[in-house]
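Novice: Please find one structure pasted underneath; my questions will follow.
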Amino acid sequence: MSASKSAITPVVFYRDPIAALHWLEAAFGFETEVLLTDAEGKLAHAEMTFRDCNIGIGGEWEGPQLGGARMRSPASLDGAGTQFMRLNLAEGLDAHCERARAAGAVITEEPQDQFYGARTYRARDPEGHVWTFSQDVRVVSGEEMAAVSGLTIETSLRKED
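Just so you know, we're using this note's numbering here: the sequence shown kicks off at 1 and counts up by one.
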């Protein structure tokens with residue numbers, strides 16, 4: 001296990017979390033760091049790493065610990081999701097996209113340069129989770145982003161008293 005953990009560890013839920021672990025390794029280059037299974041081989045707990053971040057992989061579940069919430073895969077929700085994962089690559093975004101495509105990812109947005117200085121692509125995994133990968137390709141000032149996009153760019157929402 002790694003010596004340090006991310007301050008925040010998102011957890012992504014799957015109908016078949018063991019298959020998801022293998023797929024995420026093959027498609028996106030994640031590494032399984034912790035895999036706990038019960039006597040029947042079902043997932044009890046799993047953690048993966050990607051660069052300097054951790055992500056949890058879980059099976060669908062519900063229970064009193066969740067106060068009525070139910071953790072589900074988009075595959076169980078007619079494709080609905082409440083978030084997507086965004087990961088930053090140091091280099092090789094286009095090759096990463098081709099690796100994901102070869103592993104069966106549905107590329108929902110091909111690699112393209114963005115007004116904010118990153119190159120990005122989006123992929124959907126076999127259970128419907130959306131993953132966005134980006135790579136910084138140039139430094140863009142707030143003024144340039146605003147001029148190109150027409151958006152107001154703010155770096156802090158903190159109000160002075």
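For every residue, glycine included, the Cβ atom is placed at its ideal position computed from N, Cα and C.
Give, in chain order, every unbroken run of the alpha helix (DSSP H) that is at least 4 residues long and sits entirely within the stretch 78-109.
Specialist: Fully enclosed alpha helix (DSSP H) runs of 4 or longer: 93-102.
Novice: Roughly how many whole angstroms lie between the Cα atoms of Phe28 and Asp94?
Specialist: Answer to the nearest angstrom: the Cα atoms are 12 angstroms apart.
Novice: What does DSSP give as the partner residues of Ser134 in its beta bridges?
Specialist: In DSSP, Ser134 forms a bridge with Asn88, Thr120.
Novice: Give me whichever residues DSSP pairs with Leu36 in a beta bridge.
Specialist: For Leu36, which the question treats as bridged, DSSP gives the partners His45.
Novice: Tell me whether the beta-carbon of Ser73 lies closer than 8 angstroms to the beta-carbon of Phe13.
Specialist: Their beta carbons are under 8 angstroms apart, which means Ser73 touches Phe13 by this criterion.
Novice: Please state whether DSSP places Gln65 in a helix, a strand or coil.
Specialist: In this structure, Gln65 counts as helix in the three-state DSSP scheme.
Novice: Rounded to the nearest angstrom, what separates Arg122 and Glu109 at their Cα positions?
Specialist: If I take the Cα positions, the gap works out to 5 angstroms.
Novice: How should Pro10 be labelled, buried or exposed, when 16 other C-beta atoms within 10 angstroms of its C-beta is the threshold for buried?
Specialist: The residue is exposed, with fewer than 16 neighbouring Cβ atoms inside 10 Å.
Novice: Does the count of Cβ pairs from the stretch 89-107 and the stretch 131-143 closer than 8 angstroms reach three?
Specialist: At 8 angstroms Cβ cutoff, the stretches touch.
Novice: With burial defined as no fewer than 16 other Cβ atoms inside 10 Å of the residue's Cβ, what is the status of Asp113: buried or exposed?
Specialist: The residue is exposed, with fewer than 16 neighbouring Cβ atoms inside 10 Å.
Novice: May I ask you to list the residues that DSSP assigns as paired with Arg70?
Specialist: Paired residue(s): Glu62.
Novice: Go ahead and pull the three-state DSSP assignment for Ile55.
Specialist: In this structure, Ile55 counts as strand in the three-state DSSP scheme.
Novice: Hey, how far is the Cα of Leu89 from the Cα of Arg51?
Specialist: Spanning the two alpha carbons is a distance of roughly 8 angstroms.
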